[in-house]
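J.: In mature numbering (1 follows the signal peptide of the UniProt record, and there is no 0), the protein residues as written are -20 to -1, 1 to 404. The C-beta atom is built at its ideal place from N, Cα and C for all residues, glycine as well. For clarity, every value in this text was computed on a predicted model and none was experimentally measured.
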Amino acid sequence: MDRIRFFLLLLLLRGPVGWAQTLTLDECYALAKANYPLVRQKALNDQQAANAVARLNHQRLLPQLAVNGQATYQSEVTTLPIELPGVEIPTLSKDQYRLTLDATQTLFDAGATRRQQEWEQQKYRTENQRVEVELYRLRSHINQLYFGVLLSDENIRLREALQADLQQRREALVALQRNGAATLQDLDKLDAELLNLDQQLKELALNRGAMLTQLSELVGQSLEEVTRLETPTAPTQGSGSRPELGLYAQQRTQLEVQRQLLDTQLAPRLSLFGQAGYGRPTLNFLRNDFHGYYQVGARLNWNLSNFYYRRRDLEGLRLQQESVRVQEEVFQKNQRLELVQQQAQIDRYQTLLETDSALVVLRQRVRETADVQLKNGIIRFADYFTEANALTQAQLQQQLHRLQLLQAQIESQTIAGATAAVPE
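#1: Within the same chain, show all residues whose beta-carbon is closer than 7 Å to that of residue 329, passing over the 5 residues directly before and after it, in chain order.
#2: With DSSP run on the structure shown, which of helix, strand or coil describes residue 389?
#3: May I ask you to report which of helix, strand or coil DSSP gives residue 267?
#4: For residue 128 and residue 2, what's the separation of their Cα atoms in angstroms?
#5: Tell me the DSSP secondary structure of residue 258 in three-state form.
#6: Measure the CB-CB distance between residue 8 and residue 122 and report whether it falls below 8 Å.
#7: Hey, which unbroken runs of the alpha helix (DSSP H) at 4 residues or more fall wholly within the stretch 299 to 351?
#8: Can you tell me whether residue 296 is helix, strand or coil according to DSSP?
#9: I'd like to know whether the C-beta atoms of residue 339 and residue 374 end up nearer to each other than 8 Å.
#10: Are the Cβ atoms of residue 246 and residue 287 separated by less than 8 Å?
#11: At which residue ranges does the stretch 88 to 128 contain complete alpha helix (DSSP H) runs of 4 or more residues, listed in the order of the chain?
#12: Leaving out five residues before and five after residue 21 in sequence, what residues of the same chain have Cβ atoms less than 6 Å from its Cβ?
#13: Flag this pair as yes or no: are the beta carbons of residue 234 and residue 106 separated by less than 8 Å?
#14: Could you check where the alpha helix (DSSP H) with residue 226 kicks off and where it finishes?
#15: Suppose you measure from the CA of residue 95 to the CA of residue 195; what does that come to, to the nearest Å?
#16: With a threshold of 16 other CB atoms inside 10 Å of the CB of residue 182, please say whether the residue is buried or exposed.
#17: Which word fits residue 213, buried or exposed, when buried means at least 16 other C-beta atoms lie within 10 angstroms of its C-beta?
#18: Leaving out five residues on either side along the sequence, give the residues of the same chain with a beta carbon under 6 Å from the beta carbon of residue 83.
#19: Identify whether residue 58 lies in helix, strand or coil by the three-state DSSP scheme.
#20: Within its chain, find whatever has a CB closer than 8 Å to the CB of residue 58; leave out the 5 residues flanking it on each side and keep chain order.
#21: Using only the alpha-carbon positions, how far apart do residue 421 and residue 170 sit?
#22: So residue 187 is in the alpha helix (DSSP H); what residue range does that whole segment cover?
Right under this line is the structure:
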């Protein structure tokens, strides 16, 4: 219900994604989680758990009915080794028949049904947590595509700015060429650079479109009309946790319920039973004809052999718990290694950004000087383009490092365990 309210609010505030001007990273997380087919498995698991619990309730509350029948031929039958004058003692037939309706009603099962219901619920909660683990893995894929589009946007923006600058230079160069102040070779070189830029822009647009198509498939919405992906802010230290840790905790809970279920196997069971039958012979072995009969009573059953197996059963549970602990330790170790690697990337980009600003300022001065020199005829266009392109590359590297730093910070938060974007 919280998820439904979340998306209704999202639609009211932003309208359909196709009309929106921007899309945020958190919205991508939310839409991808809601659109991924595996999310429907959680509802199926809940239904299976409810069905299993209901079946166990029926098994405990309703009498268990069974129809049984048999026909036998015996090599000998019971006889009375006496003879009484004037009394005919019937002889039982060697072919005997019996058809019965048996009913059993449990009165006391030492809580076995309740523990079995708890175990069924815990089993499907474990499966739901596995689904959460798979859904969480979507975040890293979305991060790559999202920042890939942002990087393409920055590439396109800077190259379009350079293209616009060169277009202005071309108009001036055409006038100079007409007046004999510039050669046709200078104009050809400029046109070649413009064609090269146009080719780069087309390639960037195609790559951006491919990544946007993949992102559209993940979020389940057409993103063709989205003009811009919003650049995320640097994440703060969150208090979330990885769903894998929740899975290991849930597995331990399930094993504990399984241990409690084993305890119920040591207690006796008490039940009522009834039997109605028709056959030959009946309960009266002195009658050798087909006849109906019935019997009712109470039954006590205590399977003492469970005491033999208990030590092995408990050892099996202990080994399973140890296996869960080992898996959790392996996960946490790998998580720490990934966090160390991401921190190294964060430190690297922070170091690069410290010199990027100074480099851009220097390249800006050099290009401005080259601009003046080009206007005064001191240098040729090829020399100016070299400096203008160097400035563009410096600006691009600066923006690239900013985005890479932000991506590394967000990926580090994802590895550590980000707070879910969709209310549970």
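T.: Walking through what the data contain:
#1: The beta carbon of residue 329 lies closer than 7 Å to those of 381, 384, 385 and 388 in the same chain, with the five residues before and after it left out.
#2: Of the three classes helix, strand and coil, the one that applies to residue 389 here is helix, per DSSP.
#3: Here residue 267 sits in coil by DSSP.
#4: Each residue's Cα considered, the two are about 16 Å apart.
#5: Here residue 258 sits in strand by DSSP.
#6: Less than 8 Å separates the beta-carbon of residue 8 from that of residue 122.
#7: Within the stretch 299 to 351, no complete alpha helix (DSSP H) run reaches 4 residues.
#8: DSSP places residue 296 within a helical segment (H, G or I) once states are collapsed to three.
#9: One thing to note: residue 339 has its Cβ within 8 Å of the Cβ of residue 374.
#10: A distance below 8 Å separates the beta carbons of residue 246 and residue 287.
#11: Correct list: 92 to 116.
#12: Here the set comprises 111.
#13: If you check the CB distance, residue 234 and residue 106 come in under 8 Å.
#14: Counting along the chain, the alpha helix (DSSP H) containing residue 226 begins and ends at 223 to 244.
#15: Between the alpha carbons of residue 95 and residue 195 lies a gap of roughly 45 Å.
#16: Exposed is the call here.
#17: Burial call: exposed.
#18: Once the five neighbours on either side are set aside, the close Cβ partners of residue 83 are 43, 45 and 254.
#19: Taken through DSSP and simplified to helix, strand or coil, residue 58 comes out as coil.
#20: Contacts found: 72 and 265.
#21: Outside the modelled stretch of the chain, which goes from -20 to 404, sits residue 421, for which no answer is possible.
#22: That run of the alpha helix (DSSP H) goes 164 to 199.
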